[in-house]
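There are 2 protein chains.
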Amino acid sequence: MKKRIVILGGGFAGVYTARYLEKLFKKERDRYEIVLVNRENYFTFQPMLAEVVGGSLGTLDSVSALYSLLKNTSIYVREISEIDIKQKTITLSPNFNHTDLLLSYDILVLALGNVTDFRHSPGGLHEHALGFKNLADAFKLRNRIIDIVETAANEPDPIIRKQLLTFVVGGGGFSGIEIVAEINDLVRRLIKGRKQIAKEEVRVILVHSKERLAHKELSPALGTYAAKILQNRGVEILFNTQLISATPSEAILNTGFSIKTSTVISTVPPSANPLIEGLPLIKIKDRIATDDTMQVLNRTDIWALGDCAAIPSKTPMQYCPATAQFAVREAKCAAYNIWASLHQKSPKAFTFKGYGMLISLGHRKAAAELFGGIKISGFIAWVFWRFIYWLKLPKIHRKIRVWISWLLDMIIPQESVQLKTEFHTGIAHLFYTKGETIFHKGDVGNFLYIIKSGKVEVLESSDGKEKQIAVLKEGDFFGEMALLNEKRRLATVRSLEDCEVLALRKSDFQILITQFGALKEQFEKVEKERLKEAQKAILPPLDENTGS
Amino acid sequence: MKKRIVILGGGFAGVYTARYLEKLFKKERDRYEIVLVNRENYFTFQPMLAEVVGGSLGTLDSVSALYSLLKNTSIYVREISEIDIKQKTITLSPNFNHTDLLLSYDILVLALGNVTDFRHSPGGLHEHALGFKNLADAFKLRNRIIDIVETAANEPDPIIRKQLLTFVVGGGGFSGIEIVAEINDLVRRLIKGRKQIAKEEVRVILVHSKERLAHKELSPALGTYAAKILQNRGVEILFNTQLISATPSEAILNTGFSIKTSTVISTVPPSANPLIEGLPLIKIKDRIATDDTMQVLNRTDIWALGDCAAIPSKTPMQYCPATAQFAVREAKCAAYNIWASLHQKSPKAFTFKGYGMLISLGHRKAAAELFGGIKISGFIAWVFWRFIYWLKLPKIHRKIRVWISWLLDMIIPQESVQLKTEFHTGIAHLFYTKGETIFHKGDVGNFLYIIKSGKVEVLESSDGKEKQIAVLKEGDFFGEMALLNEKRRLATVRSLEDCEVLALRKSDFQILITQFGALKEQFEKVEKERLKEAQKAILPPLDENTGS
Numbered sequence: 000m001k002k003r004i005v006i007l008g009g010g011f012a013g014v015y016t017a018r019y020l021e022k023l024f025k026k027e028r029d030r031y032e033i034v035l036v037n038r039e040n041y042f043t044f045q046p047m048l049a050e051v052v053g054g055s056l057g058t059l060d061s062v063s064a065l066y067s068l069l070k071n072t073s074i075y076v077r078e079i080s081e082i083d084i085k086q087k088t089i090t091l092s093p094n095f096n097h098t099d100l101l102l103s104y105d106i107l108v109l110a111l112g113n114v115t116d117f118r119h120s121p122g123g124l125h126e127h128a129l130g131f132k133n134l135a136d137a138f139k140l141r142n143r144i145i146d147i148v149e150t151a152a153n154e155p156d157p158i159i160r161k162q163l164l165t166f167v168v169g170g171g172g173f174s175g176i177e178i179v180a181e182i183n184d185l186v187r188r189l190i191k192g193r194k195q196i197a198k199e200e201v202r203v204i205l206v207h208s209k210e211r212l213a214h215k216e217l218s219p220a221l222g223t224y225a226a227k228i229l230q231n232r233g234v235e236i237l238f239n240t241q242l243i244s245a246t247p248s249e250a251i252l253n254t255g256f257s258i259k260t261s262t263v264i265s266t267v268p269p270s271a272n273p274l275i276e277g278l279p280l281i282k283i284k285d286r287i288a289t290d291d292t293m294q295v296l297n298r299t300d301i302w303a304l305g306d307c308a309a310i311p312s313k314t315p316m317q318y319c320p321a322t323a324q325f326a327v328r329e330a331k332c333a334a335y336n337i338w339a340s341l342h343q344k345s346p347k348a349f350t351f352k353g354y355g356m357l358i359s360l361g362h363r364k365a366a367a368e369l370f371g372g373i374k375i376s377g378f379i380a381w382v383f384w385r386f387i388y389w390l391k392l393p394k395i396h397r398k399i400r401v402w403i404s405w406l407l408d409m410i411i412p413q414e415s416v417q418l419k420t421e422f423h424t425g426i427a428h429l430f431y432t433k434g435e436t437i438f439h440k441g442d443v444g445n446f447l448y449i450i451k452s453g454k455v456e457v458l459e460s461s462d463g464k465e466k467q468i469a470v471l472k473e474g475d476f477f478g479e480m481a482l483l484n485e486k487r488r489l490a491t492v493r494s495l496e497d498c499e500v501l502a503l504r505k506s507d508f509q510i511l512i513t514q515f516g517a518l519k520e521q522f523e524k525v526e527k528e529r530l531k532e533a534q535k536a537i538l539p540p541l542d543e544n545t546g547s
Numbered sequence: 000m001k002k003r004i005v006i007l008g009g010g011f012a013g014v015y016t017a018r019y020l021e022k023l024f025k026k027e028r029d030r031y032e033i034v035l036v037n038r039e040n041y042f043t044f045q046p047m048l049a050e051v052v053g054g055s056l057g058t059l060d061s062v063s064a065l066y067s068l069l070k071n072t073s074i075y076v077r078e079i080s081e082i083d084i085k086q087k088t089i090t091l092s093p094n095f096n097h098t099d100l101l102l103s104y105d106i107l108v109l110a111l112g113n114v115t116d117f118r119h120s121p122g123g124l125h126e127h128a129l130g131f132k133n134l135a136d137a138f139k140l141r142n143r144i145i146d147i148v149e150t151a152a153n154e155p156d157p158i159i160r161k162q163l164l165t166f167v168v169g170g171g172g173f174s175g176i177e178i179v180a181e182i183n184d185l186v187r188r189l190i191k192g193r194k195q196i197a198k199e200e201v202r203v204i205l206v207h208s209k210e211r212l213a214h215k216e217l218s219p220a221l222g223t224y225a226a227k228i229l230q231n232r233g234v235e236i237l238f239n240t241q242l243i244s245a246t247p248s249e250a251i252l253n254t255g256f257s258i259k260t261s262t263v264i265s266t267v268p269p270s271a272n273p274l275i276e277g278l279p280l281i282k283i284k285d286r287i288a289t290d291d292t293m294q295v296l297n298r299t300d301i302w303a304l305g306d307c308a309a310i311p312s313k314t315p316m317q318y319c320p321a322t323a324q325f326a327v328r329e330a331k332c333a334a335y336n337i338w339a340s341l342h343q344k345s346p347k348a349f350t351f352k353g354y355g356m357l358i359s360l361g362h363r364k365a366a367a368e369l370f371g372g373i374k375i376s377g378f379i380a381w382v383f384w385r386f387i388y389w390l391k392l393p394k395i396h397r398k399i400r401v402w403i404s405w406l407l408d409m410i411i412p413q414e415s416v417q418l419k420t421e422f423h424t425g426i427a428h429l430f431y432t433k434g435e436t437i438f439h440k441g442d443v444g445n446f447l448y449i450i451k452s453g454k455v456e457v458l459e460s461s462d463g464k465e466k467q468i469a470v471l472k473e474g475d476f477f478g479e480m481a482l483l484n485e486k487r488r489l490a491t492v493r494s495l496e497d498c499e500v501l502a503l504r505k506s507d508f509q510i511l512i513t514q515f516g517a518l519k520e521q522f523e524k525v526e527k528e529r530l531k532e533a534q535k536a537i538l539p540p541l542d543e544n545t546g547s
């Protein structure tokens, strides 16, 4: 029986650990099996992800297939549903069938990184903010921005136009800066070909809680430089401001103001992977505590590294920062220590202190702060940025493809084509603040709404006057009449306070109503009551006065 | 007021009509507006779509952004919800807001093509067969095949492995041949890097209703040649056989046999666009009847061309075939005739007879049959194929990008990376044939099932023996217990006859049950009754004997 080393996670930490382990165990393949589990079949080169949104790299340029990087590792492309450190097993979710897969281990390496998780954020962000963490996010973001610009180009209503052409990014850390720079470049490039949109109509806004960008990662001088570069290109920066919530048409700030927009991107500090949360291991700020050899405290069979681990460090932050630079070095050291633990050798402590920081500002500008205090910025820093990351791309094949993409991008920029795949999930969660209109009389009715929390009012409007005909609360639904009988909304619905609302697609609603007798009865009953009440409130007309 | 010419559809017919109209009306831009409406913001170069699946072209290589092709056309990227030829208006669906858009026209050009529509097909294809028509289909197909191979690589159950590694394509016409060739190449390339899968485990099957491939499009000699090439590369061809249905785990043939598979692709003859169906115009086999100048019969303000039009022709088929070759020529002629009708000139009749046929067989082989009977095949035909289509790519930029992709593919093949975007739609429709197991006792429970038609039996199994404990019919649901209380299925459910079943995702089910009291009551009531009945049928154990 081979001993099995199971690595969970296919980011920098996981993939590089596997690569180093492959080398260390080269002559012992008959005795040790290396296994890596990841939900995607590829490794994402995170630092280049923003370029996928901007379009200077193609969708797949920033990723490499795992099996091509790890020739002697067994790769499982599945979701992990359970980690059992007592039984020493990992349960993998079903894929294309109903059975799950049980994987036992002798040595476990936790390299699960962290996740963008809006669940613990205040209301609205979970429902309406887009994340920017993985390739699917980048893909979605690019397609959405192109879709929005196309829609705006032919939108006659100036208020909706303005809302469509406003883009808000929350968080001015590294990833917030990189993504706002790429979005700004992309949008401004997109409108060049479209006469219908004036340059002045576009607003790209970065909201940052401190008075300087990247206050944690960059020196004051470079932080100020980054802000200036972005502002020169048309990005508005709101300092000392926090993005606290979002609705389908607004970004809401802690200053009491809100911005009309259809696109809110939040680079909130990522949270722990839910799989880590449940593990009975010692944690420091949601990260798994290890000793300086990356062995998990009180365990001899578990190691942790990368963004999910709290590894003691002599840097001012006490623990190693969650960057690719550190993850790769951690992987090398952890792989050695795992090998050492299986060969009765003594482990090495992890002592890397970092080389410095590099940030891309889009459009051939960057800023860098190297170990020892050397600072560079502008075009030279950008060339340096590209060169450094290009060197770090795994495999020569990937290097060539990225190099050609960059070269092509200078001669023939990638076309702004929007790939429409079906993104709609079952039931949508929406969040509205007080006074927002959920729909207007006359709108097209595509959803049934169910109130999860809060109150809304139903308004009958005629001759420019509005009259409240009903107030609906938690558990009530509205919008069903436009789905059942009519195509258009017969009344306006507006929130009376902050509301959480579920939206059920018309087609799904129709299926459910046909299948479930009880549901249909409930709807019909409520319908009758509403008609009665509405009749009392306003007469005539009779058939235009319900909450749908 | 400018006169408005509105073109519906952005395929070969629509885009080329707009291009020719731009030229003809170059000096009259102040008097005429050209408008094109399409649901995507790009034009797909259909003949190269199969290569996107295979990977010799990148995802976006086969498409061009509409605004870059049509500089003087107003482009509306929206779904069309209504065509009103009495009022002379087009209604466009809402996007990012709830209001639709009304567009009036003076001249209407119908170039809506056709759609892959399984709704009129026998049960099962609509639910489980994948189409192959547009870029999203190609994208989905490629990602799914990669996902399947990754899953198969670590599947321990040999029956599921076999099912996963079997791919069935229905229809041996042009697109069926092209797609089966690319899928076969892709799958065989994918397994090369994976030691866990033996070459012999892969089956790629083409099902064709006649005794010769492409019996309509190619001569007997070339049809036979195409079949031989495919068979040499490992494709199994079932002649005189029809794909009539599909389930989540089977392709069902008209011969009474079925094939265990998770991937069924159907290239069924496309049907009319639903927008065309409703129009009060004369139709011939679902296509809009025109005269030989492409003006719609009995209308002076509507023109139709491309796949949605029945244009009289002197070819043996009486009407122009639905190919790109014809669409482009039709566009030129139609554009001239529209211009002529607005300038009191006489229109021209469309007389093009076609140059011949070209088909790619994957992996550097093709077959061609030119006007006058010249036939070429093999590598030379493939070079010819690429050259001809490359020449026809719009714009020099696209030509260069495709050329570089092809070049790169020879040196560094594209990596088999699977882009996971969220594909799940609200409620899934499933189809099972008699005797199929919907889930087994012990499976992971992720869905609630509702029977739309047919009957299923619930089986309690212990010690290898199965005992029927309930029969469920139309309107009944099952699987709720694994969702409400337990993680795993407590019984096996099998179909007693052909069944249509709806599957509601666990997360959606939980939302609905929380929100709708009546629904919850209905579930609880049924639950109690089932427990009682199950108790009668089998005792003990009491708590493992329900239909979930």
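Quick note, the sequences are listed as chains D and Z, same order.
Per numbering that gives the first Met the number 0, residue 0 is the first one in the first sequence, and the count goes up by one each step.
Per numbering that gives the first Met the number 0, residue 0 is the first one in the second sequence, and the count goes up by one each step.
We put the beta carbon where it would ideally sit given N, CA and C, even for glycine.
Please read all numbers here as calculations on a predicted model, not as lab measurements.
Asked                                                                                                                                                                      : Found
Leaving out the 5 sequence neighbours to the left and right, which residues in its chain are closer than 7 Å to D/Asp99 when beta-carbon positions are compared?           : Ser80, Thr90, Leu91, Ser92 and Pro93
Against Z/Glu149, what residues of chain D qualify as contacts under a CB-to-CB distance less than 7 Å, listed in chain order?                                             : Asn40 and Val76
Just mark D/Ala12 as buried or exposed, buried being the case when its beta carbon has 16 or more other beta carbons within 10 Å.                                          : buried
Taking the Cβ atom as the reference point for each residue, do Z/Tyr388 and Z/Pro46 lie within a distance shorter than 7 Å?                                                : yes
Please report whether the beta-carbon of D/Leu58 lies at a distance below 7 Å from any beta-carbon of chain Z.                                                             : With the sequence shown as reference, residue 58 of chain D is identified as Thr, and Leu is not the correct amino acid for it. Chain Z, which has a Cβ nearer than 7 Å to the Cβ of D/Thr58, makes this yes.
For the alpha helix (DSSP H) containing D/Val401, list its first residue and its last residue.                                                                             : Ile395 to Ile410
Pick out the complete beta strand (DSSP E) segments inside the segment 141–183 of chain Z, 3 residues or longer, and give them in chain order.                             : 165–169
Can you tell me which of Z/Asp146, Z/Ile375 and Z/Ser340 puts its alpha carbon nearest to the alpha carbon of Z/Asp105?                                                    : Z/Ser340
Would a C-beta distance cut-off of 7 Å place D/Phe430 and D/Gly122 closer than the cut-off?                                                                                : yes
For the segment 68–94 of chain Z, enumerate the residues whose C-beta is nearer than 9 Å to any C-beta of chain D, in chain order.                                         : Lys70, Ser73, Ile74, Tyr75, Val76, Arg77, Ser80, Leu91, Ser92, Pro93 and Asn94
Which of helix, strand or coil does DSSP assign to Z/Gln509?                                                                                                               : helix
Do Z/Cys307 and Z/Asn272 have their CB atoms nearer than 7 Å?                                                                                                              : yes
Helix, strand or coil: which one does DSSP assign to D/Leu467?                                                                                                             : Per the sequence shown, the amino acid found at residue 467 of chain D is Gln instead of Leu. Here D/Gln467 sits in strand by DSSP.
Would you say D/Ile264 faces chain Z, with C-beta separation under 7 Å as the test?                                                                                        : no
Which residues bound the beta strand (DSSP E) around Z/Gly451?                                                                                                             : Inspection of the sequence shows that residue 451 of chain Z is occupied by Lys rather than by Gly. Per DSSP, Z/Lys451 belongs to the beta strand (DSSP E) from Phe446 to Ser452.
Where DSSP assigns a beta bridge to D/Met356, which residues make up the other side?                                                                                       : D/Glu368
Check the Cβ of Z/Asp497 against every Cβ in chain D and list those closer than 7 Å, keeping chain order.                                                                  : Within chain D, no residue comes near Z/Asp497; the closest Cβ sits about 18 Å away, beyond 7 Å.
Going by DSSP, which residues form a beta bridge with D/Arg202?                                                                                                            : D/Thr165
Closer than 7 Å, CB to CB, is D/Val443 near chain Z or not?                                                                                                                : yes
Tell whether a beta-carbon distance below 7 Å holds between Z/Ala226 and Z/Leu242.                                                                                         : no
Compute the distance between the beta-carbons of Z/Phe325 and Z/Cys332, then report whether it is under 7 Å.                                                               : no
For Z/Ala309 and Z/Arg286, what's the separation of their Cα atoms in angstroms?                                                                                           : 5 Å
Against chain D, does Z/Ser120 count as a neighbour if the rule is that its beta carbon must be under 7 Å from one of theirs?                                              : no
Enumerate in chain order the residues of its own chain whose CB-to-CB distance from Z/Gly441 is below 8 Å, with the five nearest sequence positions on each side excluded. : Arg487 and Arg488
I'd like to know whether the C-beta of Z/His97 is nearer than 7 Å to at least one C-beta of chain D.                                                                       : yes
I need the straight-line Cα distance from D/Lys1 to Z/Met409, nearest angstrom please.                                                                                     : 39 Å
Counting only the same chain and skipping the five closest in sequence on each side, list residues whose C-beta sits under 8 Å from that of Z/Ala380.                      : Leu357, Lys364, Ala365, Ala366 and Ala367
Do three or more CB pairs link the segment 63–77 of chain D to the segment 32–44 of chain D at distances below 8 Å?                                                        : yes
Since D/His119 and D/Ser270 should fall inside the 8 Å C-beta cutoff, what is the C-beta to C-beta distance between them, to a whole number of angstroms?                  : 6 Å
Going by other Cβ atoms of all chains shown within 10 Å of its Cβ, with 16 needed for buried, is D/Tyr354 buried or exposed?                                               : exposed
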